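In the numbering used here, the protein residues as written are 1 to 315.
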């Protein structure tokens, strides 16, 4: 079958289009005929072996697919790897039935990025009505959904950051109250200004480096920063416990594989219901043939994309 494979670690150039044997399901596993695979920023880390879980070569990247099981059921599934292919093997417990009326784009947007946004706001940040929420990379896969969820759940002021006028306009369209340039030299001052001069209650951050450092400095007493990625590939400064005590702030991390099955089920149910009710929507970031996975990674790493990127293994 057709697949994208990595045989040496590196950037987008290591993604190769190859023919590989069809995967064979083991005990508790199901073969999925892939209609679309999702592309996530984590996939770029997986290809260069800088992800939280070490990669093993040879590797077929891809942690999420939507498609059909042998009995004809339409499902979306989380995978350890193997999604960039015509068929993939998934743990039966990781399959989520896709309701009628939910298209592939939404199903794939919700299984990783939507669930991430849901967990960050519900479990890490414990959003309360009226609180201010900063969403960094607000035009990205997680960001576009986080902006909408924050508004749907009663945030008082949603502050989006993004690197271009078009991305900031998208964040405003999705419900953000204000959108600021993510390249601002002093993010602490920028966030406080965007919040009417006050410190902010919640920051969702996947950037790292100085953006993280300056976002922590912008937190109000009892403010919370939820850290879930490092797109800049720059380490933030070590968090000093004394500083957290002095300012009554919280910094937490979140990695989706740690979410219990019951929590993931609750997140997906909630996201599907909100989608079908028209309260949130997935944002299309582009659909690529499987043979152009390298181009998808290049676009993602250049920060030129918005929303959710898909691969079509039938092309």
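Idealized CB from N, CA, C, for every residue including glycine. Since we're looking at a predicted model, the values are computed, not measured.
Using a Cβ-Cβ cutoff of less than 6 Å, which residues in the same chain neighbour residue 136 once the five nearest sequence positions on both sides are dropped?
Around residue 136: 161, 205, 207.
Please report the distance separating the alpha-carbon of residue 260 from that of residue 215.
When rounded, the distance between both Cα atoms is 29 Å.
Run through DSSP, which three-state label would residue 144 get?
Looking at residue 144 - three-state DSSP - the assignment turns out to be helix.
Taking the continuous beta strand (DSSP E) assigned at residue 287, which residues delimit it?
Its beta strand (DSSP E) spans residues 284–289.
Which residues mark the beginning and the end of the beta strand (DSSP E) in which residue 59 is found?
Segment: none, residue 59 is in no beta strand (DSSP E) and carries neither H nor E.
Hey, quick one: how far does the alpha helix (DSSP H) through residue 247 stretch, first residue to last?
Residues 241–247.
Can the beta-carbon of residue 87 be found closer than 8 Å to that of residue 31?
Yes, the pair counts as a contact, with Cβ atoms nearer than the cut-off.
Please name the residue or residues paired with residue 227 in a DSSP beta bridge.
205, 253, per the DSSP bridge assignment.
If distances are taken between C-alpha atoms only, which option among 167, 169, 13, 126 comes closest to residue 296?
Cα-wise, what sits closest to residue 296 is 13.
So, with DSSP's three-state summary, where would you put residue 45?
It is helical.
Whose CA, out of 141, 146, 278, 256, lies closest to the CA of residue 133?
Nearest of 141, 146, 278, 256 to residue 133, Cα basis: 146.
For residue 91, list the residues DSSP reports as bridge partners.
Paired residue(s): 29.
Going by CA-CA distance only, name the one from 251, 218, 289, 209 that's closest to residue 236.
Answer by Cα proximity: 209.
How should residue 100 be labelled, buried or exposed, when 16 other C-beta atoms within 10 angstroms of its C-beta is the threshold for buried?
Result: exposed.
As a quick exercise: from 166, 179, 274, 255, pick the residue whose alpha carbon is nearest that of residue 106.
Closest by alpha carbon: 274.
In the structure shown, what three-state DSSP assignment does residue 36 receive?
It is a strand residue.
Can you tell me whether DSSP reads residue 157 as helix, strand or coil?
Three-state result, residue 157: strand.
DSSP three-state label for residue 52, please.
Of the three classes helix, strand and coil, the one that applies to residue 52 here is coil, per DSSP.
If I measure Cβ to Cβ from residue 177 and keep anything under 6 Å in the same chain, skipping five residues before and after, which residues do I get?
Result list for residue 177: 157, 158, in chain order.
Cβ-heavy atom distance between residue 222 and the ligand MG below 7 Å?
The model depicted lacks the ligand MG and carries no ligand whatsoever.
Please state if the CB of residue 174 and the CB of residue 144 are separated by a distance shorter than 8 Å.
Contact flag set, yes.
Is the CB-CB distance between residue 306 and residue 139 below 8 Å?
Cβ distance < 8 Å, so residue 306 and residue 139 count as in contact.
Evaluate residue 196 with the Cβ neighbour count: other Cβ atoms within 10 Å of its Cβ, from every protein chain shown; 16 or more gives buried, anything less gives exposed.
With fewer than 16 other Cβ atoms within 10 Å, it is exposed.
Starting from residue 295, follow the alpha helix (DSSP H) in both directions and report where the run begins and ends.
Where residue 295 is concerned, the enclosing alpha helix (DSSP H) stretches over 293–301.
I'd like to check one pair, residue 264 with residue 115: are the Cβ atoms closer than 8 Å?
The answer is yes: Cβ separation under 8 Å.
For residue 68, which option in 57, 97, 126, 46 has the closest C-alpha, if you only look at C-alpha atoms?
Selected option, being the one with the closest Cα: 97.
Under DSSP, the beta strand (DSSP E) around residue 65 begins and ends at which residues?
First-last of the beta strand (DSSP E) with residue 65: 64–68.
Look up residue 74 in the DSSP assignment and give the residues it is bridged to.
In DSSP, residue 74 forms a bridge with 68.
Buried or exposed for residue 104, please, with buried defined as at least 16 other CB atoms from any protein chain shown within 10 angstroms of its CB.
With 16 or more Cβ atoms within 10 Å of its Cβ, residue 104 is classed as buried.
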